[in-house]
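A.B. asks: Structure provided below as structure tokens; questions to follow.
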């Protein structure tokens, strides 16, 4: 068994240098951290909104929160997922996937708004406020995740 300061002989190359790659060298690390923090933030916002709007507007408030959190948080998280999914491709592929993804999300969101416009089973205030809060909080959490990620860099 080796200590953390000793190199495993299997990790040494021909010159006797250690070839192990640190987890901090993974360029996807900030995105993974952003998704983790964004997901946790969305869960927290959803639970808090469910408590508040469930007490204020009962079942319609709960429906408004669930739909609003899915739209607001999903919009931001899906962008990070698309960047992560294309992280090993060239920049053009990543850009195309992100832009087409945004276009599809906007079209789907408009369709959802159109479908929901005539329905009364949800509270519109709970829906609107939850969308806005979840968008902002998840975006802030993802930004914090990227900014505070510990990665190797060369200046």
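Numbering (my numbering), first residue to last: 143 to 297. Glycine included, every Cβ here is placed at the ideal spot set by N, Cα and C. Note that the structure is predicted; figures quoted are calculated from it, not measured.
Out of 229, 184, 227, point me to the one whose CA is closest to residue 209's CA.
C.D. replies: By 1-based counting over the chain shown, the position of residue 209 is 67. Comparing Cα positions, the closest option is 184.
A.B. asks: Helix, strand or coil for residue 206? Go by DSSP, reduced to three states.
C.D. replies: The residue given as residue 206 occupies position 64 in the chain shown. In the displayed model, residue 206 falls within a helix according to three-state DSSP.
A.B. asks: Between residue 270 and the ligand NAD, is there a pair consisting of the residue's CB and a ligand heavy atom that are separated by less than 8 Å?
C.D. replies: The ligand NAD is absent from the structure shown, which contains no ligands of any kind.
A.B. asks: Where do the ends of the alpha helix (DSSP H) carrying residue 287 lie?
C.D. replies: Numbered from its first residue, the chain shown carries residue 287 at position 145. Segment 266-289, the alpha helix (DSSP H) holding residue 287.
A.B. asks: Please report the distance separating the alpha-carbon of residue 232 from that of residue 188.
C.D. replies: By 1-based counting over the chain shown, the position of residue 232 is 90. By 1-based counting over the chain shown, the position of residue 188 is 46. Cα to Cα, the separation comes out at about 35 Å.
A.B. asks: Leaving out five residues before and five after residue 269 in sequence, what residues of the same chain have Cβ atoms less than 7 Å from its Cβ?
C.D. replies: Working through the chain shown from its first residue, we reach residue 269 at position 127. Contacts found: 206, 209, 210.
A.B. asks: Checking 9 Å against the spacing of the C-beta atoms, do residue 214 and residue 173 come in under that value?
C.D. replies: To locate residue 214, count along the chain shown from 1; it is residue 72. To locate residue 173, count along the chain shown from 1; it is residue 31. Cβ atoms of residue 214 and residue 173: not closer than 9 Å.
A.B. asks: Give the range of the alpha helix (DSSP H) segment to which residue 260 is assigned.
C.D. replies: Here residue 260 refers to the residue found at position 118 of the chain shown. Careful: residue 260 lies outside any alpha helix (DSSP H) and carries neither H nor E.
A.B. asks: For residue 241, does the count of other Cβ atoms within 10 angstroms reach 16, so buried, or fall short, so exposed?
C.D. replies: In the chain shown, the residue the question calls residue 241 occupies position 99. When all chains shown are included, residue 241 counts as exposed.
A.B. asks: Secondary structure at residue 191, three-state DSSP: helix, strand or coil?
C.D. replies: In the chain shown, the residue the question calls residue 191 occupies position 49. Helix at residue 191.
A.B. asks: Under a three-way DSSP split, which group does residue 247 fall into?
C.D. replies: Looking up residue 247 in the chain shown gives position 105. Residue state, collapsed to three classes: helix.
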